[in-house]
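Okay, so here's the structure we're looking at.
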Amino acid sequence: MQIHETAFIVSTYRSYHESVSKDIYAKLWNNPKTEALIPEILDSVSTNESILHSLRNRFFHESLQSFFSKNKGGVLINFGAGFSMYQFLLGADVHTIEIDKKDIIEYKKNQIEVWTEEGKLPERNTTYISFDFNHDSEETMITELNRLINQQPIFIVLEGVLFFLDRKVTDKLFTVFKNIQSSGDVVGSVSYIPEIEHTDVYKRLLHYFDSHNNTNDSFAHQTIPTSYYTQIEGYRLVEHTDECKLSKLYTPNTPLEDPNEILNEHLYLLERV
19 MQIHETAFIV
29 STYRSYHESV
39 SKDIYAKLWN
49 NPKTEALIPE
59 ILDSVSTNES
69 ILHSLRNRFF
79 HESLQSFFSK
89 NKGGVLINFG
99 AGFSMYQFLL
109 GADVHTIEID
119 KKDIIEYKKN
129 QIEVWTEEGK
139 LPERNTTYIS
149 FDFNHDSEET
159 MITELNRLIN
169 QQPIFIVLEG
179 VLFFLDRKVT
189 DKLFTVFKNI
199 QSSGDVVGSV
209 SYIPEIEHTD
219 VYKRLLHYFD
229 SHNNTNDSFA
239 HQTIPTSYYT
249 QIEGYRLVEH
259 TDECKLSKLY
269 TPNTPLEDPN
279 EILNEHLYLL
289 ERV
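Counting from 1, position 77 in the sequence shown corresponds to residue 95 in my numbering; the numbering is continuous, with no gaps.
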């Protein structure tokens, strides 16, 4: 499995629980190859993966709706956008900048253009950029993004990315964020806390990725303590939750009771000071 294939898997997960994720467009990405992969993943790793990713999407859906209702004409910057579809549920006045590796960005851009022409998606102002977070410099990313931003309020999404990066690259990204954002802007980030490393479900996740991944598409197995987010210079932590807690909010009839039995990601909202 190559890392870009996870973009198809996650979008398919969101389509399975549309009423939770609120992503009514995720199903556009569904395809037989991905559908064939998913049963083995759920069986090998965790049967809860599809609902967890839907809960994560719901958290950002609600957070983005709230931010852009107060900040008209703002900018959504999605670092590691994959096949997320947030902008199509936001107002047409939002400018979205989607960032990912070149193959994902080119494929997504082409598909979005086709579906928009076919009337399957509403028209949206979206700019697509390919960055390699591991190799592109801070200066390259800052210069390119500042060229596209004109003092508008900015919400940055960093979702489903940090697991695949190391701490040095994570620090680099937050330096980029600090240099392009202004007071009141927001970063939404997702990561695992270190305690998950001792759980059986996390060990199964690592085993699955390591046994199915291309040798040329390696990734870090990063976990991040909550204290990291409280110490980022220029930001203050304004919200912290996790998927187990979100299940009690969004799926109260079937809440997830034990965070040690699931791949329980933690979600953070940071405000630029």
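Positions of the beta carbon are idealized from the N, C-alpha and C atoms, including for glycine. Fair warning: this is a prediction, and the values are worked out from it, not measured in the lab.
If you look at Asn164, you'll find it in the alpha helix (DSSP H) that goes Glu156 to Leu166. Ranking Tyr226, Asn278, His230 and Asp203 by CA distance to the CA of Pro212 puts Asn278 first. For Phe192, the CB contacts under 7 Å within the same chain, skipping 5 residues up- and downstream, are Ile250 in chain order. Following the DSSP letters along the chain, one finds His79 inside the alpha helix (DSSP H) bounded by residues Glu67 to Lys88. Residue environment analysis places Val132 among the exposed positions, since fewer than 16 neighbouring C-beta atoms fall within 10 angstroms of its C-beta.
Contact between the stretch 265–284 and the stretch 63–79 is established, with three or more Cβ pairs separated by less than 8 Å.
With a cutoff of 8 Å on beta-carbon distance, Leu82 and Leu108 are scored as near each other.
In the DSSP assignment, Glu261 falls within the unbroken alpha helix (DSSP H) covering Glu261 to Tyr268. The alpha-carbon of Gln105 is positioned some 28 Å away from that of Gln240. Shown here for Ala110: not one same chain residue has a beta carbon closer than 6 Å to its own, the five before and five after excluded. In this structure Leu281 is in contact with Tyr220, their Cβ atoms being roughly 7 Å apart against a cut-off of 8 Å.
Within its own chain, the residues whose Cβ lies closer than 8 Å to the Cβ of Pro140, once the five positions on either side in sequence are excluded, are Phe106, Ala110 and Thr134, listed in chain order. Ranked by how close their Cα comes to the Cα of Ser148, the residues Phe182, Ser29 and Ala99 have Ala99 in first place. Boundaries cannot be given for Leu107, as no alpha helix (DSSP H) includes it and DSSP labels it neither H nor E. Under the three-state reduction of DSSP output, Phe192 falls in the helix class. In this structure, the CA atom of Tyr247 is about 42 Å from the CA atom of Glu136.
Each of Gln169, Phe26, Leu55 and Ile59 was checked against the Cα of Arg222, and the nearest Cα belongs to Ile59. Looking at the backbone, the Cα of Gly206 and that of Lys51 are separated by about 31 Å. Distance from the CA atom of Leu180 to the CA atom of Thr244, rounded to whole angstroms, is 13 Å. For Ile56, the closest alpha carbon among the candidates His79, Asp41, Arg32 and Arg76 is that of Arg32. Close CB contacts of Ile42 within its chain, under the 7 Å cut and outside five residues either way in sequence, are with Glu36 (chain order).
Taken through DSSP and simplified to helix, strand or coil, Asp118 comes out as strand. Taking 8 Å as the upper bound for CB-CB distance, Glu289 and Gly202 are in contact here, some 7 Å apart. Arg142 is classed as buried because its beta carbon has at least 16 other beta carbons within 10 Å across all chains shown. Look at Ser209 here: in three-state DSSP terms it is strand.
Just measuring C-alpha positions, the residue of Ser209, Pro171 and Ser265 sitting nearest Phe182 is Ser209.
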